[in-house]
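Below is one structure, written out as C-alpha cells; comments come after it.
Number of protein chains: 2
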Amino acid sequence: MIHYKAILKVMGGLMMLLGILMFPSIAFSYYYQSGDQITLIGSALICLAVGGTFFYSFAKQDQNIRKREGYMIVASSWVVMSVFGMMPYIFSGSIPVVSDAIFETVSGFTTTGASILTDIERLPEGILLWRSMTQWIGGLGIIVLTVAIFPLLGIGGIELFVAESPGPTSDKVHPRIRETAKRLWLIYFGLTLALVALYYLEGMTFFDAMNHALTTMSTGGFSTKNASMAYFDSPVIHYTAILFMFLAGTNFTLLYFAFKGRFRRIWASDEFRAYSISLILLICGIAAAMYYLVPGEVEPTFRKAMFQVVSLVTTTGYVTADYTAYSNGLTIVFFMLLFMGACAGSTSGSIKFIRHLTFVKNSTLEFKRIVHPRAVVPLKINGERVTGKIITHIMNFLLLYLMIFVLGSIVMSIAGYDLITSFGAVATSLGNVGPAIGRVGPVDNFAFFSPFAKLFLSFLMLLGRLELFTILVLFTPYFWRAN
Amino acid sequence: MIHYKAILKVMGGLMMLLGILMFPSIAFSYYYQSGDQITLIGSALICLAVGGTFFYSFAKQDQNIRKREGYMIVASSWVVMSVFGMMPYIFSGSIPVVSDAIFETVSGFTTTGASILTDIERLPEGILLWRSMTQWIGGLGIIVLTVAIFPLLGIGGIELFVAESPGPTSDKVHPRIRETAKRLWLIYFGLTLALVALYYLEGMTFFDAMNHALTTMSTGGFSTKNASMAYFDSPVIHYTAILFMFLAGTNFTLLYFAFKGRFRRIWASDEFRAYSISLILLICGIAAAMYYLVPGEVEPTFRKAMFQVVSLVTTTGYVTADYTAYSNGLTIVFFMLLFMGACAGSTSGSIKFIRHLTFVKNSTLEFKRIVHPRAVVPLKINGERVTGKIITHIMNFLLLYLMIFVLGSIVMSIAGYDLITSFGAVATSLGNVGPAIGRVGPVDNFAFFSPFAKLFLSFLMLLGRLELFTILVLFTPYFWRAN
Ligand SMILES: [K+]
Ligand SMILES: [K+]
Numbered sequence: 011m012i013h014y015k016a017i018l019k020v021m022g023g024l025m026m027l028l029g030i031l032m033f034p035s036i037a038f039s040y041y042y043q044s045g046d047q048i049t050l051i052g053s054a055l056i057c058l059a060v061g062g063t064f065f066y067s068f069a070k071q072d073q074n075i076r077k078r079e080g081y082m083i084v085a086s087s088w089v090v091m092s093v094f095g096m097m098p099y100i101f102s103g104s105i106p107v108v109s110d111a112i113f114e115t116v117s118g119f120t121t122t123g124a125s126i127l128t129d130i131e132r133l134p135e136g137i138l139l140w141r142s143m144t145q146w147i148g149g150l151g152i153i154v155l156t157v158a159i160f161p162l163l164g165i166g167g168i169e170l171f172v173a174e175s176p177g178p179t180s181d182k183v184h185p186r187i188r189e190t191a192k193r194l195w196l197i198y199f200g201l202t203l204a205l206v207a208l209y210y211l212e213g214m215t216f217f218d219a220m221n222h223a224l225t226t227m228s229t230g231g232f233s234t235k236n237a238s239m240a241y242f243d244s245p246v247i248h249y250t251a252i253l254f255m256f257l258a259g260t261n262f263t264l265l266y267f268a269f270k271g272r273f274r275r276i277w278a279s280d281e282f283r284a285y286s287i288s289l290i291l292l293i294c295g296i297a298a299a300m301y302y303l304v305p306g307e308v309e310p311t312f313r314k315a316m317f318q319v320v321s322l323v324t325t326t327g328y329v330t331a332d333y334t335a336y337s338n339g340l341t342i343v344f345f346m347l348l349f350m351g352a353c354a355g356s357t358s359g360s361i362k363f364i365r366h367l368t369f370v371k372n373s374t375l376e377f378k379r380i381v382h383p384r385a386v387v388p389l390k391i392n393g394e395r396v397t398g399k400i401i402t403h404i405m406n407f408l409l410l411y412l413m414i415f416v417l418g419s420i421v422m423s424i425a426g427y428d429l430i431t432s433f434g435a436v437a438t439s440l441g442n443v444g445p446a447i448g449r450v451g452p453v454d455n456f457a458f459f460s461p462f463a464k465l466f467l468s469f470l471m472l473l474g475r476l477e478l479f480t481i482l483v484l485f486t487p488y489f490w491r492a493n
Numbered sequence: 011m012i013h014y015k016a017i018l019k020v021m022g023g024l025m026m027l028l029g030i031l032m033f034p035s036i037a038f039s040y041y042y043q044s045g046d047q048i049t050l051i052g053s054a055l056i057c058l059a060v061g062g063t064f065f066y067s068f069a070k071q072d073q074n075i076r077k078r079e080g081y082m083i084v085a086s087s088w089v090v091m092s093v094f095g096m097m098p099y100i101f102s103g104s105i106p107v108v109s110d111a112i113f114e115t116v117s118g119f120t121t122t123g124a125s126i127l128t129d130i131e132r133l134p135e136g137i138l139l140w141r142s143m144t145q146w147i148g149g150l151g152i153i154v155l156t157v158a159i160f161p162l163l164g165i166g167g168i169e170l171f172v173a174e175s176p177g178p179t180s181d182k183v184h185p186r187i188r189e190t191a192k193r194l195w196l197i198y199f200g201l202t203l204a205l206v207a208l209y210y211l212e213g214m215t216f217f218d219a220m221n222h223a224l225t226t227m228s229t230g231g232f233s234t235k236n237a238s239m240a241y242f243d244s245p246v247i248h249y250t251a252i253l254f255m256f257l258a259g260t261n262f263t264l265l266y267f268a269f270k271g272r273f274r275r276i277w278a279s280d281e282f283r284a285y286s287i288s289l290i291l292l293i294c295g296i297a298a299a300m301y302y303l304v305p306g307e308v309e310p311t312f313r314k315a316m317f318q319v320v321s322l323v324t325t326t327g328y329v330t331a332d333y334t335a336y337s338n339g340l341t342i343v344f345f346m347l348l349f350m351g352a353c354a355g356s357t358s359g360s361i362k363f364i365r366h367l368t369f370v371k372n373s374t375l376e377f378k379r380i381v382h383p384r385a386v387v388p389l390k391i392n393g394e395r396v397t398g399k400i401i402t403h404i405m406n407f408l409l410l411y412l413m414i415f416v417l418g419s420i421v422m423s424i425a426g427y428d429l430i431t432s433f434g435a436v437a438t439s440l441g442n443v444g445p446a447i448g449r450v451g452p453v454d455n456f457a458f459f460s461p462f463a464k465l466f467l468s469f470l471m472l473l474g475r476l477e478l479f480t481i482l483v484l485f486t487p488y489f490w491r492a493n
C-alpha cells in the first residue's frame, strides 16, 4: 500500500516553501506600491497556513518514502505548486480566468514560458516578479529531481549519465540526496545572483535584472517586456543572456566540477561535447542562412542567430528576432530545435542531448552490426558501456515522445487549429520551450486558445517536464498493483 | 573483395527478364494499334541484348554470392530496373523529360504510385500497361526479397517474423530461396489473375481490369484513369479493390498457409491480428468522423472511409475521395496513415505493423520494468521471445525512419515548398504510398516539382522500399572495409 500521509507531509512542506518564496514579490510590491501587496500577502499566508496544517498534522509520519511514494510526490508536487501558485494571478485580477491562470502557472513552474498575456507590461510589479519566480522555483526543482532523485527512481534512462557515481546503496540515500541537493542549490543560487548583478551593470533596471536572471537560469523565458529580450537593444545584454542560457543548459554536476576547477572532467563528458559542438555548428549554419536570406550587418545577424539557437536549444524561449520570417526552410529548422533540449541534469527541457547521442551512436553501430552480425558491438558513452536495457529505454523514450507529439497534434487539430499551429503548440509545450511556429510564433501568445486547449497544453508541459514516464506510469495498472 | 562479375551476371539476367516482361505491353499495343509498338519492341530488344551480353559474358562466374554481394545486388537491381524501365516513356515521347521519366519509373518499381502525369488518359495503351507492369514487377520483387532474401541478409530486423523457420543453414540456402520464391510467385500470380477476372466481370474493360489488377496486388496504386478508382462508380468494384488491397498487405507466407487451408496459423500471427483489428477500428472511427462532418447516405460514406483507410494503410494509394477536404483533424489522421504500412512480407511499404507492434508492446513493458526494476520482462511476439538485439534494431529503424522524414522535409522546404507539402511529399515517397496532403493531396500530381525535388523524392522511394538499411549500409565505411 501507498503511504499517503507521508506524501501529504511532503506536500505540506512544499506549500510552506511556496509561501516563503512569495516574500520577495511582496517586497517589490511595497517598493513599487504596485497595488498587489494585499493579494500577495494573502496568498503567502494561505500557503503557509494550509501547508503548515498538513506538515504538522503528519509530522510524526515515518520518513520511509519508497519508490512508489517517490513517483507520487514528484507528480503531485507540480500539481500542488500550480494550484497554489496561481492564487496571486486570480486574486489580483491580473489573470481572472481560471484556465488562463492554470496555463500561466504551469507554464511557469515547468519553465516553459508560453504566456496567455497579451500585454505583459500592464501587470503590477509584484505579480510580475512572482511570475518569474515560478520559473526559478521550477528550474531548481527540476535540477534537484534529475540529479538527486530521478537516479534513485530510475526515470528516463538518463539517470546513469546524471549521477556522479554508479548508484547509492540504499542505506545512505538520504544524506546523499541532501548533500547533492545543497551543492546544486548553491550553484544555481550563486549563478542567479551573479546574473542579476551583470544584467544590472549592463543597463537593466534592478527589477528587470532580477526578473530576467530568474528566468534565464531556469531556462524559463518569461520576460517583463512584451518584446521579450528584443526590448533591450544592447549587444552586451544579449551576449550575457546567451552565455548564461548556455550554462543553465549544462549538466549542473559539470558546473560543480567547473566550480571546483576540474575542467578536464567537463570536456570528458560526451554529452557536453555534443551539446557544445552542435551549438557551434547550428549557429554558424543558421547565421550563414540568415545572412544569405536577409543580407545586412554581420555582427547583428550573427548575434540574432546565436541568440535564437541557444534560446531554443536550451528551451529558454527568449526571442530577439522573428525566426519564422526568413524562409520555409529556416522555419522548419527552427521548429526542429524545439525537439533538441540541452543536457540532462540542467534546467532545460525537451529530449536532451544524451538521448540524441545514444540514438546517433546506436544508429552507426547498427550498420556495423549488419556487416558483422556475429561481433559484439557495444555502445559506449563517457567511455563506459551502456547496457541494452538502457538503450532500449532511451529509444523507447524517443519514440514515445514523438508519439505523444503526434497524438497531441491530432487532438489540437480536432480542437480546430491548423496543422502548423497544432504542431508548434504541442512541440513547444512538450519541450518546455515557449515560442513555436504558426499562430504561436515568436511574436505571438497563447491567449487565443480555447480553455480546453490551454488545459491540454498545460498537461503536455507537465508530461514533458517530468520526462514522460514519471507521469504516465501513474496511469498504468503495474503501478497500482505493485506491492 | 567484392565479386563484381557475379553481380553483373545477376544484373544481366534481370535486364533480360525486364525485356521479356515488356511483351504483354507489346501485345496490347498491337491490339489497340496505340502507336507505341516500335518503341516497346525496341526497348524490349535493348533489354534483351544488353542483358544477354552481360549474362553470357559472366556466365562462367562462380555462384558464390555472399552477404555483401547480396546487398549490392538488391540495391543495384532497383537502379538497373529504373534506368532500363524508363526507356518506353522516353522513346515514345510520353514522358520526354529525363527527371520526370526517372520519377515515374522509380515510383512504379517501388510501388509508390506517385505520378508526374497531368493527363494519364492521354497515354497510349502499351505505355499504360508497361506503367502498371513496373509496379507489378516491383511488388513481386519486394515479396521475394523480404520473404526469401532479407532473412538471409539480416535486413530491417523483421526477418524473424517473415521467414517460416528460424534460419537456414548456409548449405541449403539456394534450394530454399528458390522453393520459397516459387510459392510466393504462384500466389502472387494466381491472385492477380483472379483479380483480372473479377474486375472484368464487375464491368471494367479487360484492359482496365488488367492494369488495375497489376497495381492492386502490388499495392502500387497507378491507375489508367485521371480520377483513379473514383472513375469506376461501382460499389462492387470498390469492395473488390478493398479486399484485394487487404490481401496484398498480408504477409504472403500467411497467404500460403491460407491456400493450404491452415487458417489457424494465420490468426496466430500477432502482426496479422494487429493489422486486421487496427483497420477495423480506423475504418469505424474515420467513417463516423466523415459522417459527422458531412452527413449523407451511410453506405457510400462507410465505403469511402473503408476504401481510403485500406488504400493508405496498405500503401496502395488509390483514391475515391479527397480525404483532405473534411477537416484539419481528419487530414492529420490520414497523414499519419502514411506512416503505418501493412504487414512485413507483403507488397506494402512504409513502417509496417510488426514494427509498430514491437514499439507498442515494448512501451507497456517499459512501465512494468520501471515498477519492477529487478524483474526480467521479456517481449514476446507470436509467443516467442524477441531478443534485445532485434528490439534495439527495430526501434532504431523507427527512429531512423522518422529522422529521414524530418531531414527530407527540411530539404524539400529549403528547395522552396511549403511545410505541409514538404511533409506530405516526403512521407508519401518514403512510405511508398502515392498521395499525401498539401499540394500533393489525393487529387493532385507531382508534376510541379523541380527536377531536383523529383530526383530527391525518387531516392526516398528507393530508400523506403528497401527498408533504409539496405541502401544506407552502402554509404558506411563498415561495408567497404569488411572482408
Ligand atoms: K522555456
Ligand atoms: K503505393
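Line by line, the protein sequences are chains L and X. The first sequence maps to residues 11 to 493 in the working numbering. The second sequence maps to residues 11 to 493 in the working numbering. Idealized CB from N, CA, C, for every residue including glycine.
By alpha-carbon distance to Ser358 (chain X), the top candidate from X:Ser468, X:Val370, X:Glu477 and X:Met220 is X:Glu477.
Exclusion of the five residues before and after Ala463 (chain X) leaves Met422, Ala425, Tyr427 and Ala435 as the residues of its chain whose Cβ lies within less than 8 Å of its Cβ. Proximity to Thr63 (chain L) across L:Ser432, L:Lys19 and L:Gly123 peaks at L:Lys19, based on C-alpha coordinates. Straight-line measurement puts the Cα of Ile420 (chain X) at about 38 Å from the Cα of Leu31 (chain X). Here Arg395 (chain X) carries a strand assignment [DSSP, helix/strand/coil]. Asp428 (chain L) has a beta carbon lying within less than 7 Å of a beta carbon in chain X.
In this structure the segment 463–475 of chain X does not touch the segment 363–377 of chain L; the number of beta carbon pairs closer than 8 Å is below three. Interface annotation, Ser439 (chain L): not in contact with chain X, CB-CB separation never under 7 Å.
Out of L:Thr486, L:Thr480 and L:Ile130, the CA that lies nearest to the CA of Ile83 (chain L) is found in L:Thr480.
Any Cβ of chain X closer than 7 Å to the Cβ of Thr402 (chain L) would place that residue at the interface, and such an atom is present.
The DSSP-derived three-state label of Lys77 (chain L) is helix. The beta carbon of Gly441 (chain L) lies closer than 7 Å to those of Thr325, Leu348, Phe349, Gly351, Gly359, Ser360 and Gly474 in the same chain, with the five residues before and after it left out. Across the set L:Asn338, L:Arg78 and L:Thr156, the C-alpha of L:Asn338 shows the shortest separation from the C-alpha of Ile430 (chain L). The segment 391–408 of chain X and the segment 371–380 of chain L touch, with three or more beta-carbon pairs separated by less than 8 Å.
The closest CA to that of His382 (chain X), considering only L:Phe489, L:Phe38, L:His222 and L:Phe267, is found on L:Phe489. Within the chosen limit of 6 Å, ligand 1 reaches the beta carbon of Thr122 (chain L) through at least one heavy atom. For the segment 335–349 of chain X, the residues whose beta carbon sits under 9 Å from a beta carbon of chain L are, in order, Ser337, Asn338, Gly339, Leu340, Thr341, Ile342, Val343, Phe345, Met346 and Phe349. Taking a beta-carbon distance threshold of 7 Å, Leu409 (chain X) counts as an interface residue toward chain L.
Around the beta-carbon of Tyr198 (chain X), 16 or more other beta-carbon atoms lie within 10 Å, marking it buried. Per DSSP, reduced to three states, the secondary structure at Lys390 (chain X) is strand. When rounded, the separation of the alpha-carbon atoms in Leu139 (chain L) and Thr215 (chain L) is 13 Å. Among the residues of the segment 358–377 of chain L, those with a Cβ less than 7 Å away from any Cβ of chain X are Phe369, Asn372, Ser373, Glu376 and Phe377, in the order of the chain. Restricting attention to L:Tyr266, L:Ser321 and L:Leu340, the CA atom closest to the CA of Thr250 (chain L) is found in L:Ser321.
Contact check for Lys314 (chain X) against Ala335 (chain X) fails: the beta carbons are separated by 7 Å or more. The Cβ neighbour count for Thr128 (chain L), taken over all protein chains shown within 10 Å, is under 16; the residue is labelled exposed. Remark: the shortest separation between the CB of Gly259 (chain L) and any heavy atom of ligand 1 does not fall under 6 Å. Rounded to the nearest whole angstrom, the CA to CA distance from Trp146 (chain L) to Met227 (chain L) is 7 Å. Listed along chain X, the residues sitting closer than 7 Å to Leu412 (chain L) by beta-carbon distance are Leu412. Residues of chain X with a Cβ closer than 8 Å to the Cβ of Gly398 (chain L) are, in chain order, Gly398, Lys399 and Thr402.
The continuous alpha helix (DSSP H) containing Asp280 (chain L) extends over residues Asp280 to Leu303. The three-state secondary structure of Pro461 (chain X), taken from DSSP, is helix.
For the segment 412–493 of chain L, the continuous alpha helix (DSSP H) assignments of 4+ residues that do not extend past its boundaries occur at 429–440, 461–475, 479–482 and 487–491, in sequence order. A heavy atom of ligand 2 is found nearer than 6 Å to the CB of Gly327 (chain X). A Cβ-Cβ contact shorter than 7 Å links Asn455 (chain X) with Ser125 (chain X).
When the beta-carbon positions are compared, Thr486 (chain L) and Cys353 (chain L) stay at least 7 Å from each other. The CB of Thr486 (chain X) comes closer than 7 Å to the CB of Phe377 in chain L, given here in chain order.
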